[in-house]
Amino acid sequence: MMESSLSGSNADLLERTGWKNQMEFFFSCVGYAVGLGNIWRFPYLAFQYGGGAFLIPYTISLALCGLPLFFMELAFGQFASVGPITIWRVCPLFQGIGIAMVLITFMVCLYYNVIILYGMYYCVVSLVSLDTVLPWSTCDNSWNTKYCVTEKMNIVNKSEQQAVNSTLDHMDFQCVNRILSRDNVTMTSLTYNYTQTMLKSCDMSVLPSEEYFTRHILRLNEADDIGHLGGISLKLLVFLALAWLILFFILRKGVETSGKVAYFMALFPYFVLVALLIRSVTLPGYLDGIKYYIIPEWEKIANVDVWREAATQIFYSLGLAFGTLITLASYNPFKHNCYRDAILVAVINCSTSVFAGFVIFSMLGYMAHVTNQDVQSVTTSGPGLVFVVYPEGISRMPFSVIWSILFFVMLISLGMDSQFAMFETVISAVVDEFPRALRKRRVFFSFICHVVGFLLGIPLTTYGGIWVLTLMNTYSGSYSLMFTCLCELVALNYVYGNAKFCTDIEMMIGFRPNLYWRACWMVITPVTILIVLALSCILYTPVGYGDYQFEPWAQWLGFTMVSLPVAAIVFVALFQCIRHKGIKDAMKPNLMWGPAQKEYRIGSYGHLNEGLVMESPTFEFAVEKETKIIGAIVSKL
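Okay, structure coming up:
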């Protein structure tokens, strides 16, 4: 047992900054939750899994999984007013959860800034193109190939010979010869229907926006595979440095500075989305796109994969188990109504996803119209949607440069707002663990963290960096994130106790969570996560980019990303059992657990206001502990 003075503890905790007002917190939460996934993933999932019918499993997943977890994390962070590692004073056995959260968040931050730099590059190029045309709208650039076309082949209403001739111009002849040999057909005997079949298999035509992204920005054609990424793209490296520099200046003083930019970052994307929708619905073909998006296919609801994808999208879209919600809420006043904010932010996030679908698919309908394709052919998700398909559509609009600038500034805003919150989580988690050493040196420590993030992001600026990004995007925040969330539910509701947790919440907001919340936290949500996790493992498919499937060693590298946070939870639990000489004591809350503000340390937390507190040994080194341990070691030398 170790005696520690609480006076120093109080001083350190009270030095912790907070939000200037409630709106800074609210808009920071909205900005964090509403990110790139709302634009590039949800609309595609809705289209692929039943259109309007997808909203049924999506809404149910929100009610049974997303909303309960969102409220739980906000309440948890607000009550203790510390970061995601230190907060596990509540149950030292599970302090590895906090470390896992920080590991996951840091890995995501590394590639998230690369996505932001892509948007920054497009935005700068759009500004430079104010007096000309967008460079991805034509096929006469140095990076274009002979397969570049401004519109796909349309052989409808052509004579049979015209259809055959125009189609063969854009085919891979090795592929053509392979099919002709297989079917014992000669070039002179080609028919209209057979040409259509070959077009689907051997079409090599590429839209200029795709060649601009892959051959000019990424230079992917100069990389061999994920094991041979090629050289570093200097232009991407410069923009990566710029992205990290902007992030540093916003986060150098924590929420004091990030809270001020939250208003613009959270609101600006909505103005752009509304403007894009208004413009898109005046374009030909927009209605075809919207029909693809909303017309329900009720039979798909019976597909278990639809429910898995809906639950997974809710999970990632709300940013659960990253530790970020805990961090954002930790800067709230103790009596803040986090219950109201949890419901509002979750509903706004999901509504934004649905609304963004109309914006995206109205543009896809227009693009399908002008490129002679059906909507299904131009529909994709991820980077391909926002850096290839949508820019292609914008380039064909009147005043395309202006719309391009607005679109990419919106993407930067969506990405940066989420990045602010996530990287603040990493910094705050460490600073809260070592307050004496780091709180007064926060700016310097923040600078070091940003430099490390930049250096670790350099491999993603190589010619094959998009492959590394895809690998990290798939594995860094997938299975381990759900496992971490499951452990969080168990720790708070079964080890610490659901009744105690509800009492803590009542101290803050004035009422106990009702049966719905308690049932979700204890049974429904954990079971849902277990089912989703099991289905994700059963339905697992190897990761790739386009037609390129990554080598087995790369897949195992991905599983290493998954295993690191899981290992942190397991090994810290073992360490705590040894340190506490048994699992029973390791499960008990540290005596430092409770509200940070002195006036709210009442009832079972009254001991925190006494002059001296006897602390149980823990893995955390919060407040003065690091100083006392070093002093004890020195005295024994």
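Residue numbers (the working numbering): 786 to 1422.
Ideal Cβ placement from N, Cα and C applies to all residues, glycine included.
ASP1217 in three-state terms, based on DSSP: In the sequence shown, the residue the question calls residue 1217 occupies position 432. Residue state, collapsed to three classes: helix.
Straight-line gap, VAL759 to LEU1027 (C-alpha atoms, nearest Å): Residue 759 falls outside the range modelled here, since the chain spans only 786 to 1422, and no answer is possible.
Whole-number beta carbon distance between SER1203 and TYR897, since they are thought to touch under 8 Å: The count along the sequence shown starts at 1 and reaches residue 897 at position 112. The count along the sequence shown starts at 1 and reaches residue 1203 at position 418. Their Cβ separation, rounded to whole angstroms, is 7 Å, which keeps TYR897 and SER1203 in contact under 8 Å.
Inter-stretch contact (C-beta, 8 Å, three-pair minimum) for the region 1173-1186 and the region 863-876: no
Minimum C-alpha distance to PHE1172 - residue among ARG1125, HIS1001, ALA1106: As a working mapping, residue 1172 is identified with position 387 in the sequence shown. That would be HIS1001, whose Cα lies nearest to the Cα of PHE1172.
Contained alpha helix (DSSP H) runs [length at least 4] in the region 1062-1116, N- to C-terminal order: 1071-1079, 1089-1102, 1109-1115
Cutoff 8 Å; reference GLN946; Cβ partners in own chain excluding five residues on either side: Position 161 of the sequence shown holds residue 946. Because GLN946 sits at a pLDDT of 47, beneath the cut-off of 50, its placement in the model cannot be relied upon, and the following sentence gives the value as read from the coordinates. Same-chain partners within the cutoff: there are none.
Same chain only: Cβ atoms within 8 Å of PRO1244, ignoring 5 sequence neighbours per side: Taking the first residue of the sequence shown as 1, we reach residue 1244 at position 459. Closer than 8 Å at the Cβ level, and outside the excluded window around PRO1244, lie LEU1014, GLY1250, VAL1253.
Exposed unless 16 or more other CB atoms sit within 10 angstroms - verdict on TYR1325: Position 540 of the sequence shown, counting from 1, holds the residue named residue 1325. So TYR1325 counts as exposed.
Beta-carbon proximity check, PRO1118 vs GLY803, cutoff 9 Å: Along the sequence shown, one-based indexing puts residue 1118 at 333. Along the sequence shown, one-based indexing puts residue 803 at 18. In this structure, GLY803 lies closer than 9 Å to PRO1118 by Cβ.
Span separating the alpha-carbon of TYR997 from that of SER1102: Position 212 of the sequence shown, counted from the first residue, corresponds to residue 997. Position 317 of the sequence shown, counted from the first residue, corresponds to residue 1102. Distance between the alpha carbons of TYR997 and SER1102 is about 29 Å.
Alpha carbon of ALA1114 to alpha carbon of LYS805, nearest angstrom: The residue you call residue 1114 lines up with position 329 of the sequence shown. The residue you call residue 805 lines up with position 20 of the sequence shown. In a straight line, the C-alpha of ALA1114 is about 13 Å away from that of LYS805.
Rounded Cβ spacing between ALA860 and ILE1290 (contact assumed at less than 8 Å): Your numbering for residue 860 matches position 75 in the sequence shown. Your numbering for residue 1290 matches position 505 in the sequence shown. Confirmed, about 5 Å.
Burial state of ARG1297, where buried means 16 or more other Cβ atoms lie within 10 Å: Here residue 1297 refers to the residue found at position 512 when the sequence shown is read from its first residue. Burial call: exposed.
Nearest-angstrom Cα separation, counted from LEU1359 out to LYS1366: Walking along the sequence shown from the start, residue 1366 turns up at place 581. Walking along the sequence shown from the start, residue 1359 turns up at place 574. If I take the Cα positions, the gap works out to 10 Å.
Sub-9 Å separation of ILE1233 and ILE882 beta-carbons: Here the question's residue 1233 lines up with position 448 in the sequence shown. Here the question's residue 882 lines up with position 97 in the sequence shown. No, they are not a contact pair.
Segment limits, alpha helix (DSSP H) that includes HIS1235: Along the sequence shown, one-based indexing puts residue 1235 at 450. Residues 1227-1242.
Counted within 10 angstroms of its Cβ, other Cβ atoms place GLY1016 as buried (16 or more) or exposed: Residue 1016 sits at position 231 when you count from the first residue of the sequence shown. Result: exposed.
Per-residue DSSP class, three states only, for ASP1009: Here residue 1009 refers to the residue found at position 224 when the sequence shown is read from its first residue. Here ASP1009 sits in coil by DSSP.
Straight-line gap, VAL1215 to ALA1141 (C-alpha atoms, nearest Å): The residue labelled residue 1215 in the question sits at position 430 within the sequence shown. The residue labelled residue 1141 in the question sits at position 356 within the sequence shown. In a straight line, the C-alpha of VAL1215 is about 36 Å away from that of ALA1141.
For VAL1357, three-class secondary structure by DSSP: Reading the sequence shown from its first residue, position 572 is the one you call residue 1357. VAL1357 falls in the helix class under three-state DSSP.
For CYS933, the three-state DSSP class (helix, strand or coil): As a position in the sequence shown, residue 933 is number 148, starting the count at 1. DSSP places CYS933 in strand when its eight states are reduced to three.
Cβ-based neighbour list, ARG874, same chain, cut-off 6 Å, excluding 5 preceding and 5 following: Here the question's residue 874 lines up with position 89 in the sequence shown. The answer, listed in chain order, is ASN1375, MET1377, TRP1378.
Pair within 9 Å by beta-carbon distance, GLN1098 and PHE827: Indexing the sequence shown from 1 puts residue 1098 at position 313. Indexing the sequence shown from 1 puts residue 827 at position 42. Against a cut-off of 9 Å, the Cβ pair of PHE827 and GLN1098 comes out as a contact.
Residue interval of the alpha helix (DSSP H) (run including GLU996): Numbered from 1 along the sequence shown, position 211 holds the residue referred to as residue 996. First-last of the alpha helix (DSSP H) with GLU996: 993-996.
Span of the alpha helix (DSSP H) around GLY1388: Numbered from 1 along the sequence shown, position 603 holds the residue referred to as residue 1388. It is not in any alpha helix (DSSP H) - GLY1388 carries neither H nor E in the DSSP assignment.
Near the ligand FAD: ALA1304 beta-carbon under 8 Å from a heavy atom: Judged by which ligands are present, the structure shown has none, so any question about the ligand FAD falls away.
Bridge partners - THR1464, DSSP secondary structure assignment: This structure cannot settle anything about residue 1464, because the visible part of the chain is limited to 786 through 1422.
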